[in-house]
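These notes concern the structure reproduced below.
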């Protein structure tokens, strides 16, 4: 379910709640497609947003919520001006310790590559201390 709220100062806020099922990725992709049309994403921004959100949502569904359908992954988006997107992605899991992820630049360590990609592709990335919420900034 996608909700859009228009707020003061030309800021738009969107919310999306996803069941913890891999099939929810399609809903997230449709959401990104709608945003891309509305805000005129370049191909690079579209690819970066889609990749980062896909990684974050899959991590929330699989690792955070352990694919328990009753648990949700939440995407909140604030567009404070037409040149910036601020996503907050959270799950209902116990979180993880960002500092305990292995070095993902070696071939033997595949775990944590999504976090590595997110850090490289987003303009700004902030994990909460619990490890179950991620804030991503993109300049469009």
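Numbering (the working numbering), first residue to last: 9 to 148.
Positions of the beta carbon are idealized from the N, C-alpha and C atoms, including for glycine.
Predicted, not measured: the structure shown is a model, and the values here were computed from it.
- Residue 89: member of the beta strand (DSSP E) spanning 80-89, first to last residue.
- In the three-state DSSP reduction, residue 92 falls in the strand class (E or B).
- With respect to the 7 Å criterion, residue 89 and residue 21 are not classified as neighbours on the basis of their beta carbons.
- Inclusion of residue 135 and residue 142 in the CB contact set at 7 Å is warranted, their separation being smaller than that value.
- Per DSSP, residue 100 lies in no beta strand (DSSP E) segment and is marked neither H nor E.
- When rounded, the separation of the alpha-carbon atoms in residue 75 and residue 49 is 31 Å.
- The shortest CA-to-CA distance from residue 79 to any of 17, 146 and 140 is the one to 140.
- Of the residues 24, 97 and 35, the one whose Cα lies closest to the Cα of residue 72 is 97.
- Residue 142 is bridged by DSSP to 97 and 135.
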